[in-house]
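Engineer: Numbering (our numbering), first residue to last: 454 to 583.
All C-beta atoms in this analysis are idealised placements derived from N, C-alpha and C, irrespective of residue type, glycine included.
Below is the structure I would like to discuss, written out as structure tokens.
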């Protein structure tokens, strides 16, 4: 099932790694991801293009403590069907940890939103996070 948006949390990624990964999937990238911007706690908004579709993106450094950077694609027009497929795509390039929702959820649901997949190249485990 294709989800309406994609959001992943990447542990210890830097700006050049994030941009390189985005460049492998999108034809244009219009977001300011300078090195200094990923060390701040404020969200960075922009747009990406793929197959003629504009996709809003929000990158939030330090989204969960200091280690995790949230990457939120606010569209169903991404190359991935769900959060986990997106996470696995990033792990093809980098040896990092990526967290994503274990199940799709809707606003107001609290219990399901606490369970996350923590994924590395070697392991996928269900954790309680949040």
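(1) Below 7 Å CB to CB, which residues in the same chain sit around residue 465 once its five sequence neighbours on both sides are set aside?
(2) When the Cα atoms are used, what is the spatial distance from residue 556 to residue 537?
(3) What number of angstroms, rounded off, separates the C-alpha of residue 580 from the C-alpha of residue 463?
(4) Taking only the alpha-carbon atoms, compute the straight-line gap between residue 513 and residue 553 and give it to the nearest angstrom.
(5) What number of angstroms, rounded off, separates the C-alpha of residue 461 from the C-alpha of residue 475?
Structural biologist: Walking through what the data contain:
(1) 520, 549
(2) If you take the alpha carbons of residue 556 and residue 537, they lie about 10 Å apart.
(3) 15 Å
(4) C-alpha separation (whole angstroms): 14 Å.
(5) 13 Å
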